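Novice: Please read through the structure below; I'll follow up with questions.
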Amino acid sequence: MAQDRKKLRPGVVGGKQGVFAFSSEICGLDAALPDRDKSKDFQPMHLDTAIVDPERQEVKICRQTDQLPLPL
């Protein structure tokens with residue numbers, strides 16, 4: 468998931484090992500995955516990209532100002 472600086476309502480990604488969801492609002496994550504660790508939810512901004520690999524173990528955050536993906 469990537470966002471641009473003109474989007475009025477940023478998206479959010481969250482979940483737990485094996486299950487992650489992307490939503491346009493946090494209430495969407497609450498409905499889909501109510502038992503996740505909400506402190507690990509992430510809302511990408513215009514320099515961020517959130518990546519969930521096919522193994523679905525974690526969210527990796529890439530920032531245009533960083534060299535390597537950061538595990539969340």
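All you need for my numbering is the position in the sequence shown, starting with 1, plus 467. All residues carry an ideal CB built from backbone N, CA and C; glycine is no exception. Source: prediction; values computed, not measured.
Distance, Cα to Cα, Q534 vs G485?
Specialist: So the two alpha carbons sit approximately 26 Å from each other.
Novice: Within the chosen definition, does the segment 491–506 reach the segment 520–532 through at least 3 CB pairs nearer than 8 Å?
Specialist: With the cut-off at 8 Å, the segment 491–506 and the segment 520–532 do not touch.
Novice: Would the beta-carbon of P477 fall within 8 Å of that of Q531?
Specialist: It is not a contact, given that the beta carbons lie outside the stated cut-off.
Novice: Going by the DSSP bridge assignment, what does D515 pair with across the sheet?
Specialist: R530, per the DSSP bridge assignment.
Novice: Leaving out the 5 sequence neighbours to the left and right, which residues in its chain are closer than 8 Å to V526 when beta-carbon positions are compared?
Specialist: If we look at V526 and ignore the five residues flanking it on each side, its Cβ neighbours are V480, G481, G482, F487, K507, F509, A517, I518, V519, P538, L539.
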